[in-house]
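Step one of this worksheet: look at the structure below.
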Amino acid sequence: MNNNYENKEKTKEELVDNNKENNEIEVVESNNNQPNKKNSKNIIFIIIGLVLVVAIVSILLINNRDKVKKQEAKEKEETKEEIIEDENNDEDEETIIKDTTEKVTKKLYIVKENETDSDDDFYYLNVQETSNLEQEEGYKKEIIGTYNCKNENCKDLGVHSNYNNVVTIYDGEVIVYNFKSNKKYNTGIKLTLDEEGSYDEVILLAETEKRIYGLLFSEDVEDEKSKFYIFENGKFSFKFEKDNLSMADPYLSKGYLNYFKTNDEETKCTSSLININDGKEYLKVNNKNYHLDYTTNIPMIADGCSYDSKINLLDDNFKPILDKYYEQFENVDDNIYLYDEKGKEYSIYNTKTKSVTNKKTDYGVLSFSKDYILVEKDGNFALTDYNNKVVKEFGSTKNTSLTPFFNYYDEHDDKPAGIYFGVQDETKDDYCYEYYYNPKTGESKKFNIECGGYAKPVLYLYPTKTTEVTVNFEKENLLTTTYPKFDKEWKVTAHKNGDLYDKKGNYYYALYWEEEKNHTVDFSEGFYVTEDNAITFLEEKLTYIGLNAKERNEFIMYWLPILENNKKSLVYFELTEERDSYNKIKISPKPDSMLRIAIHIKKVDKKINIKEQKLTKFNRSGFTAVEWGGVKY
14 MNNNYENKEK
24 TKEELVDNNK
34 ENNEIEVVES
44 NNNQPNKKNS
54 KNIIFIIIGL
64 VLVVAIVSIL
74 LINNRDKVKK
84 QEAKEKEETK
94 EEIIEDENND
104 EDEETIIKDT
114 TEKVTKKLYI
124 VKENETDSDD
134 DFYYLNVQET
144 SNLEQEEGYK
154 KEIIGTYNCK
164 NENCKDLGVH
174 SNYNNVVTIY
184 DGEVIVYNFK
194 SNKKYNTGIK
204 LTLDEEGSYD
214 EVILLAETEK
224 RIYGLLFSED
234 VEDEKSKFYI
244 FENGKFSFKF
254 EKDNLSMADP
264 YLSKGYLNYF
274 KTNDEETKCT
284 SSLININDGK
294 EYLKVNNKNY
304 HLDYTTNIPM
314 IADGCSYDSK
324 INLLDDNFKP
334 ILDKYYEQFE
344 NVDDNIYLYD
354 EKGKEYSIYN
364 TKTKSVTNKK
374 TDYGVLSFSK
384 DYILVEKDGN
394 FALTDYNNKV
404 VKEFGSTKNT
414 SLTPFFNYYD
424 EHDDKPAGIY
434 FGVQDETKDD
444 YCYEYYYNPK
454 TGESKKFNIE
464 CGGYAKPVLY
474 LYPTKTTEVT
484 VNFEKENLLT
494 TTYPKFDKEW
504 KVTAHKNGDL
514 YDKKGNYYYA
524 LYWEEEKNHT
534 VDFSEGFYVT
544 EDNAITFLEE
554 KLTYIGLNAK
564 ERNEFIMYWL
574 PILENNKKSL
584 VYFELTEERD
594 SYNKIKISPK
604 PDSMLRIAIH
614 IKKVDKKINI
624 KEQKLTKFNR
634 SGFTAVEWGG
644 VKY
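According to my numbering, the residues represented by the sequence shown are 14 to 646, in order.
Written out as structure tokens, the structure is:
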């Protein structure tokens, strides 16, 4: 038995060895007969692997799909948020606009402004938001409060005070607001507003350094109807209505307004002073015009309807100071010189001592300076002293027009120190020259200068008290000739009567420059003027615009010869706003009122029908600046 067992085992081992050698064949053959366990395991592992791969891929795809969906959702959410934010921004903008509108119509901001190196404050109203308060170099601005309006059309009327820091506001009625006392006065005065909320009235605050007198309204500028409301016991009440009322020191400081009216032919005029308290006429005179000049700060009377003929000064009781009337006057230092052009008499009134000196000369007087008189001697220009002694003779006065006389003692546009006066040769277009004389050495010269461009601008400054004033230009590169010497700016001490002094103590009655021509006018409107009516035309238009007597005199003396020499001319007046658009003047402290006039003159050969230019009136208030000049075509 044991042998049989051993034989079986041996046989089995042999079979196993044979199977190893023929493994592949045996496997195939064995599948045909019965399952192999190892092969089954391999199949199971493969299937499981495939399932895992599919599962992993599915998971990855699902995860990726979820990520895509989340990203899309996120983008949609962000887009939605952006849309909401934009909508909110639109709502915010609408809210801001609405709020701003409410502020513009319901609040007026009180602004305090001063020059950084000055102790004087200037107050005004600003309808803009606080954040929009623009700062300017050399100035400090701050909002110190608000005026709360009751009406939607509430606005600043633009009537500012230099004496008492008072403004006028329209808030259903005219309100007078005093910054110093922080008091508001309801006047009860209503304005007639158009559909756009504008008004036609010209409104002036009648005041001096000592007190507020009232409000002067010109309700119809063309008809020149005026109403005056007096201020008493903290209240404004209507007093009287007149044509052509005007006001200024020294009339106003004495409690009087000026009244002047002519008939249609201007052959007869009525003039008087109106008592502010009762409205009655004081010193009513027919065929005589009481005429006030700001540059002298002394009442002046002109005999006749024209503002510029037969001038005399008046004392405190409005009585003539001089024993005769003159045609011209000049204000130099503390003296007022009154004279007839080319006449041989003149009077000197000293404003400090209130004394009068009457003098005679052998020559025709042309102009005055501190130490010399410019005269016409035997058809030539000459300088004399005040003892009638001829100091220096120059060239011929024939066919010339004289620019206002200047008393120069410092350097003038890189020329030596001395006295200069300018002359234009009317026989030659654009030919001008300057005469020079040095009083110390006796040296004299003649300089050719440019005539063209914006000629003979002069700037007058009339502060309400002695003030340090700085002047510069937006386009200073356009300046050609200047006096005093312009070096980035002018700095002068300005007095109430218009006298100017530089830091060396040199006197100037105005600031002078010439400027390159940077634009022309087309004369689509203006005036046709002949040599015969040139004087009347200039007197009438310059008076209407608002030049005072001295300014008119100097303007006419410069431009009249050009109009007369042309025989026939077209004239256009370029006024403040238009003039500013070409070269703005920057003055510090800022004037309360400013007038700029540039006359444009074009020679023509025959009468031309031209649309008449509508001129605007200038109202002086507080610190006043006035400039005039012009262009010859």
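Idealized CB from N, CA, C, for every residue including glycine.
Since residue i sits in a beta bridge, which residues does DSSP pair it with?
i, result
"P470", "According to DSSP, which records beta bridges pairwise, P470 is partnered with nothing at all."
"G227", "A219, I243"
"V436", "L415, Y446"
"V617", "V617 pairs with nothing; no bridge assigned."
"N485", "K599"
"T637", "Y475, S606"
"L326", "M313"
"Y160", "L121"
"I188", "I182, N199"
"N127", "K153"
"E165", "For E165, which the question treats as bridged, DSSP gives no partner whatsoever."
"T543", "K581"
"T480", "A507"
"S647", "The requested residue 647 does not occur in the structure, where the chain is confined to residues 14 to 646."
Please state whether DSSP places residue i in a helix, a strand or coil.
i, result
"F381", "strand"
"P497", "coil"
"L673", "Residue 673 is absent from the model: the chain starts at 14 and stops at 646."
"D233", "Bear in mind that the predicted position of D233 carries a pLDDT of just 47, short of 50, making it unreliable; the figure below should be weighed with that in mind. In the structure shown, D233 sits in a strand (DSSP, three-state: E or B)."
"E222", "coil"
"I72", "helix"
"S537", "coil"
"D256", "strand"
"K357", "coil"
"A507", "strand"
"L265", "helix"
"L491", "helix"
"I289", "coil"
"K630", "coil"
"I202", "coil"
"G455", "coil"
"Y18", "Since pLDDT at Y18 reaches only 45, below the 50 mark, its modelled position is unreliable, and no value is offered."
Span of the beta strand (DSSP E) holding residue i?
i, result
"A395", "393-397"
"T370", "368-373"
"I311", "311-315"
"K390", "386-390"
"S409", "403-409"
"L524", "524-528"
"E502", "First-last for E502: undefined, no H or E at that position."
"E343", "341-345"
In terms of residues, what are the limits of the alpha helix (DSSP H) holding residue i?
i, result
"Y571", "562-579"
"I349", "Unbroken run through I349 is the beta strand (DSSP E), 348-352; no alpha helix (DSSP H)."
"F550", "547-558"
"T657", "The structure shown does not extend to residue 657, since the chain is modelled only from 14 through 646, so no value can be given for it."
Between residue i and the ligand PLP, is the CB less than 7 angstroms from at least one heavy atom?
i, result
"C445", "For the ligand PLP, the structure offers nothing, since it holds no ligand at all."
Inset, instruction - Determine contact between the stretch 610-624 and the stretch 577-592, defined as no fewer than three beta-carbon pairs at a distance below 8 angstroms. - result: Output reads yes: the stretch 577-592 touches the stretch 610-624.
Legend entry - Contact between the stretch 531-548 and the stretch 374-388 (3+ Cβ pairs under 8 angstroms): Cβ pair count under 8 angstroms is below three, so no.
Legend entry - Sufficient close CB pairs (3 or more, under 8 angstroms) joining the stretch 335-351 to the stretch 562-569: Here the stretch 335-351 lies against the stretch 562-569, with 3 or more beta-carbon pairs under 8 angstroms apart.
Legend entry - Three-pair Cβ contact test at 8 angstroms for the stretch 404-411 versus the stretch 360-376: In short, these stretches do not touch, since the Cβ pair count stays below three.
Legend entry - Cβ contact (3+ pairs, closer than 8 angstroms) linking the stretch 519-526 and the stretch 544-556: The stretch 519-526 vs the stretch 544-556: no contact.
Inset, instruction - Please confirm if the stretch 395-407 is in contact with the stretch 349-358, defined as three or more CB-CB distances below 8 angstroms between the two stretches. - result: A contact between stretches requires three or more CB pairs, one per stretch, nearer than 8 angstroms, and the stretch 395-407 fails this requirement with the stretch 349-358.
Legend entry - the stretch 248-261 touching the stretch 195-203, judged by at least three CB pairs closer than 8 angstroms: With the cut-off at 8 angstroms, the stretch 248-261 and the stretch 195-203 touch.
Inset, instruction - Answer yes if the stretch 447-459 comes into contact with the stretch 478-491, meaning at least three C-beta pairs across the two stretches below 8 angstroms, and no otherwise. - result: With the cut-off at 8 angstroms, the stretch 478-491 and the stretch 447-459 do not touch.
Legend entry - Three CB pairs or more closer than 8 angstroms across the stretch 594-609 and the stretch 508-520: At 8 angstroms Cβ cutoff, the stretches do not touch.
Legend entry - At least 3 beta-carbon pairs within less than 8 angstroms: the stretch 626-633 vs the stretch 500-513: As far as the Cβ criterion goes, the stretch 626-633 does not touch the stretch 500-513, which means the pair count is below three.
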